[in-house]
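**Student:** First the structure, then my questions, so here it is.
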Amino acid sequence: MPVLEEVGEATRVRVSASAPLELMWILHNLQAKHVLNGPYASLERLRADMQPKVASFWADGVRGYTETIVLAERSGTTLDLDLDRYFEKLDDAIELMDGGLSLLSERPSERVAFQTRVKRLREDRALRAKYRSLLLSAWEPLQAEWEASGRRAAGDAAVEWARMLEEGAGYRTLLDRPHVWPGRPELEELAESALAEGRMVLSPGWFFGVIHVVEVDGTVYIGRGVRTEDQDAVRRETATRVAGNLKALADPTRLGILLWLAKHPASVTEIANHFELSQPTVSGHVQLLRDAGLLEDRLAGRRSKLIVARERLKGLIGDAEESMLRLFPHE
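Quick note on my numbering: the sequence shown kicks off at 25 and runs consecutively.
This is the structure in structure tokens:
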């Protein structure tokens, strides 16, 4: 006879630490323009040395090295606890990349950028050698810390997370957030679909930040950092990050331009005419909005118009809200 059973999240979610995900986060952190402190202080000297190189290696306007996880997936090393096999199989993984990338967690423009990166690595062996060297330069100075402290801490956290799932906790409880990613409802849908179909992998991490969501070939990897945090340092980091992110919205004229562009895609000249401002003044405001990722270009005939990156704006405001509220007492 037909039988319907309720399946708990513990039976549908895999929990594991991951050295390749640690590498992805290390590269992300090394791109930071601000000083790393608190739980990330051990990365600061390396960041100061490598930031320009890591930030400029691809020069495609997309932050992060998510393609490292695509390559880990191709080589079957994503959940390895060291990177020995990852580097051994790196060339083979690149050679296997002859098709499209799913990467449903990324925005379309980011997906194209990561696709282009992998294509370039496949076609240019000299670039591939430089890429391997960059990854090793980022990993090797931190490998001892990972082996001495990080691997065990992440592994212990994975055991604890698995226990909590068995006892009925939801995956958002483990992520310590009510929403997977504020302002990006498509990631909520992606996570829920992966959960329902048994394609979710949760990872606690040593070098991780607040959260990552990476979809590769149907598997959705979600994780967060688990280091013991210095709360004073967390407050300082949150204040610096949120204030920096919201700086683009802090000027009334600049905010007015953004709100007008929401309904009226326009060129710099058209903005200047509408607001009765000089073009250099408008260009300065536009550059700050671009730097914050809040403006994009769209072709209108033969001309380029500025439009508001709505999802980025929602994400920026949502991150500010959630980052600050995490520091308030739970009601």
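Virtual Cβ for every residue (Gly too), placed ideally from N, Cα, C. In this text, all values refer to a predicted model and were calculated from it rather than measured experimentally.
Closer than 6 Å: is that where the CB of ARG109 sits relative to any heavy atom of the ligand GTP?
**Tutor:** Within the structure as shown, the ligand GTP is missing, as the structure has no ligands at all.
**Student:** Using the C-alpha atoms, what's the distance from ASP200 back to ARG38?
**Tutor:** The residue given as residue 38 occupies position 14 in the sequence shown. The residue given as residue 200 occupies position 176 in the sequence shown. Straight-line Cα distance between these residues: approximately 17 Å.
**Student:** Using three-state DSSP, classify TYR89 as helix, strand or coil.
**Tutor:** In the sequence shown, counting from the first residue as 1, residue 89 sits at position 65. Note: TYR89 maps to coil in three-state DSSP.
**Student:** Excluding the 5 residues preceding and the 5 following VAL332 in the sequence, name in chain order all residues of the same chain whose CB lies nearer than 7 Å to its CB.
**Tutor:** As a working mapping, residue 332 is identified with position 308 in the sequence shown. Closer than 7 Å at Cβ, skipping near neighbours: LEU282, LEU285, ALA286, LEU318 and LEU319.
**Student:** Taking contact to mean at least 3 C-beta pairs separated by less than 8 Å, is the segment 69 to 80 in contact with the segment 211 to 219?
**Tutor:** Because the criterion of three Cβ pairs below 8 Å is not met, the segment 69 to 80 and the segment 211 to 219 do not touch.
**Student:** Would you decide whether ASP343 is buried or exposed? Buried here means 16 or more other CB atoms lie within 10 Å of its CB.
**Tutor:** Numbered from its first residue, the sequence shown carries residue 343 at position 319. Buried is the call here.
**Student:** Going residue by residue through the segment 38 to 99, where are the continuous beta strand (DSSP E) segments of at least 3 residues, counting only ones entirely within it?
**Tutor:** With a minimum length of 3 residues, no continuous beta strand (DSSP E) run stays inside the segment 38 to 99.
**Student:** Compute the Euclidean distance between the alpha carbons of VAL27 and ARG36, then round it to the nearest angstrom.
**Tutor:** Along the sequence shown, one-based indexing puts residue 27 at 3. Along the sequence shown, one-based indexing puts residue 36 at 12. Summary for VAL27: the model assigns pLDDT 36, below 50, so the residue's position carries little reliability; its value from the coordinates is reported in the next sentence. Computed Cα separation, rounded: 18 Å.
**Student:** When we look at the beta-carbon of PHE352 and count the other beta-carbons within 10 Å, is it buried (16 or more) or exposed?
**Tutor:** Numbered from its first residue, the sequence shown carries residue 352 at position 328. PHE352 comes out exposed.
**Student:** Thinking C-beta only, is VAL86 closer than 7 Å to GLU134?
**Tutor:** Taking the first residue of the sequence shown as position 1, residue 134 is located at position 110. Taking the first residue of the sequence shown as position 1, residue 86 is located at position 62. For GLU134 and VAL86, yes; Cβs fall inside 7 Å.
**Student:** Count the other C-beta atoms from every protein chain shown that fall within 10 angstroms of the C-beta of GLU190, then say buried if there are 16 or more, exposed otherwise.
**Tutor:** Along the sequence shown, one-based indexing puts residue 190 at 166. Exposed is the call here.
**Student:** Which residue marks the beginning of the alpha helix (DSSP H) containing VAL204, and which one marks its end?
**Tutor:** Here residue 204 refers to the residue found at position 180 of the sequence shown. Neither: VAL204 is in no alpha helix (DSSP H) and is coded neither H nor E.
**Student:** Expressed to the nearest angstrom, what Euclidean distance is found between the alpha-carbon atoms of ASP275 and VAL234?
**Tutor:** Position 251 of the sequence shown, counted from the start, is the residue given in the question as residue 275. Position 210 of the sequence shown, counted from the start, is the residue given in the question as residue 234. The straight-line gap from Cα to Cα measures roughly 28 Å.
**Student:** Here's the rule I'm using: 16 or more other beta-carbon atoms within 10 Å means buried, otherwise exposed. How should VAL183 be labelled?
**Tutor:** To locate residue 183, count along the sequence shown from 1; it is residue 159. Result: exposed.
**Student:** Is it right to say VAL59 is buried, meaning 16 or more other beta carbons lie within 10 angstroms of its own, or is it exposed?
**Tutor:** Along the sequence shown, one-based indexing puts residue 59 at 35. With fewer than 16 other Cβ atoms within 10 Å, it is exposed.
**Student:** With DSSP as the reference, label VAL238 as helix, strand or coil.
**Tutor:** The residue you call residue 238 lines up with position 214 of the sequence shown. Note: VAL238 maps to strand in three-state DSSP.
**Student:** Would you list the residues sitting across from GLU320 in a DSSP beta bridge?
**Tutor:** Here the question's residue 320 lines up with position 296 in the sequence shown. DSSP lists ILE331 as partners of GLU320.
**Student:** Flag this pair as touching only if the segment 235 to 247 and the segment 159 to 173 have three or more C-beta atom pairs under 8 Å; answer yes or no.
**Tutor:** Judged by Cβ distances under 8 Å, the segment 235 to 247 makes no contact with the segment 159 to 173, as fewer than three pairs qualify.
**Student:** Only counting runs of 4 or more residues, tell me where the alpha helix (DSSP H) segments fall wholly within the segment 126 to 200, in order along the chain.
**Tutor:** List check, alpha helix (DSSP H) in window: 132 to 147, 149 to 169, 175 to 190 and 195 to 199.
**Student:** Per DSSP, SER227 is paired with what?
**Tutor:** Residue 227 sits at position 203 when you count from the first residue of the sequence shown. Bridge partners of SER227: GLY247.
**Student:** Could you give the residue range of the alpha helix (DSSP H) that holds THR102?
**Tutor:** Here residue 102 corresponds to residue number 78 of the sequence shown, with the count starting at 1. Element bounds for THR102: n/a, residue is neither H nor E.
**Student:** Please list, in chain order, all residues of the same chain as VAL250 whose beta carbon is under 6 Å from its beta carbon, the five residues on each side excluded.
**Tutor:** Residue mapping note: residue 250 aligns to position 226 of the sequence shown, counting from 1. If we look at VAL250 and ignore the five residues flanking it on each side, its Cβ neighbours are ALA181 and PRO228.
**Student:** In terms of residue numbering, what span does the alpha helix (DSSP H) encompassing GLU119 cover?
**Tutor:** As a working note, residue 119 is residue 95 in the sequence shown. Run containing GLU119: 114 to 119, per the alpha helix (DSSP H) assignment.
**Student:** Near THR264, which residues of its chain fall below 8 Å by C-beta distance, leaving aside the five closest residues on each side in sequence?
**Tutor:** For the purposes of this step, residue 264 is identified with residue 240 of the sequence shown, where counting begins at 1. The residues are HIS58.
**Student:** Rounded to whole angstroms, what's the CA-CA distance from GLU261 to ALA267? Just pull it up for me.
**Tutor:** By 1-based counting over the sequence shown, the position of residue 261 is 237. By 1-based counting over the sequence shown, the position of residue 267 is 243. So the two alpha carbons sit approximately 10 Å from each other.
**Student:** In angstroms, rounded to a whole number, what distance separates the CA positions of GLU335 and GLU294?
**Tutor:** Here residue 335 refers to the residue found at position 311 of the sequence shown. Here residue 294 refers to the residue found at position 270 of the sequence shown. Answer to the nearest angstrom: the Cα atoms are 24 Å apart.
**Student:** Counting C-beta neighbours from all protein chains within 10 Å, is the total for PRO304 16 or more, i.e. buried, or is it exposed?
**Tutor:** Translated into the one-based positions of the sequence shown, residue 304 becomes position 280. PRO304 comes out exposed.
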